[in-house]
Amino acid sequence: MQPTMVDDTLIGIVLTLIAIGVVLTIIGMIVGARKRAARKNAERIEQERLAETPAPDRLIRDEDATDVPVAPPQPEAQPLPHAEPQPELQPAPMPPPVAPAPPPLADLPKVAPPPAAAEPVIEEPVPLADEPIAAAAPQDASPAAEAQAEPVTPAGPPPGDAPVTQIKGLGPKVAAMLAQQGITTVGQLAALDQRAAEDLDARLGPFTGRMGRDRWLEQAQLLAAGDVKGFEAKFGKL
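Below, the structure is given as structure tokens:
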């Protein structure tokens with residue numbers, strides 16, 4: 001009877017173990033199903049959250065990990081391309097300095113024409129009363145008396161009224177340009193001071209500088225003063 005009891009005991013133990021294994025298996029299946037359901041639910045929630053957030057903020061989760069965020073792999077650093085040398089910037093050329101414009105024509109001093117010389121007044125002889133005059137003895141006329149007896153010629157125009165074309169080196173073109181500035185006689189040109197002469201010279205266009213080189217002011221002053229000898233001694237025959 002002992003072997004039968006032992007066998008029954010072993011069979012009972014085996015059946016118990018099998019029952020326990022079945023129960024444990026069922027429990028494991030239930031627990032596994034719950035875990036899978038929980039994991040799927042968590043994945044669904046995570047996917048919904050990732051869908052609402054920007055792509056860089058998403059976290060990669062492993063299927064077997066439980067709620068452990070995995071950082072995305074860092075991209076390998078790419079070598080920077082060699083920068084091409086930039087050409088050196090050349091400094092921009094500076095514009096040439098612009099000379100200041102000459103002052104307007106209104107700044108030139110107005111030159112008053114020289115006063116006209118007074119014409120000599122010839123006194124007419126006063127008629128004498130009808131009285132007999134004794135005849136005077138004839139006298140020899142002296143050279144002084146003959147000079148006084150010569151008729152007096154009227155004086156010509158003043159030397160300052162001579163045209164500017166008498167100046168050496170001043171031709172008709174320059175004379176026309178001076179006339180536009182109100183200068184037509186040597187007296188008007190001689191009356192200019194140094195600054196007014198420089199301003200006038202700056203307005204002569206291609207003839208600028210001729211006034212100083214040909215000494216127009218000095219010539220005009222000699223001619224306006226009537227010093228013909230002094231003029232011809234310095235500048236030649238008129």
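The numbering of the sequence shown is full-length UniProt numbering, which starts it at 1 and goes up by one. Quick reminder that beta carbons are idealized off the backbone N, C-alpha and C, glycines included.
Under 9 Å between C-beta atoms of residue i and residue j
i, j, result
"GLN219", "ILE183", "no"
"GLY212", "ASP227", "no"
"VAL174", "LEU204", "yes"
"ASP214", "LEU170", "yes"
"LEU223", "ALA190", "yes"
Bridge-paired residues (DSSP) for residue i
i, result
"PRO163", "THR185"
Three-way DSSP call (helix, strand, coil) for residue i in this model
i, result
"LEU192", "coil"
"ASP227", "coil"
"GLY209", "coil"
"LYS35", "helix"
"ASP214", "coil"
"LEU200", "helix"
"GLY28", "helix"
"GLY169", "coil"
"ALA147", "Its pLDDT being 47, under 50, ALA147 is placed unreliably in this model, and the coordinates cannot settle the point."
"LEU50", "helix"
"LYS40", "helix"
"LYS237", "coil"
"ILE11", "helix"
"PRO132", "The predicted model places PRO132 with a pLDDT of 45, which falls under 50 and marks its position as unreliable; any figure quoted below should be read in that light. Of the three classes helix, strand and coil, the one that applies to PRO132 here is coil, per DSSP."
"ALA220", "helix"
"ALA175", "helix"
Proximity to residue i [Cα-Cα], best of the options
i, options, result
"LEU217", "ARG49, ASP193, GLN47, ILE30", "ASP193"
"PHE231", "LYS35, THR25, ARG34, PRO159", "PRO159"
"GLN188", "ALA225, ARG210, PRO206, GLY28", "ALA225"
"PHE207", "GLU48, MET177, ALA162, ARG49", "MET177"
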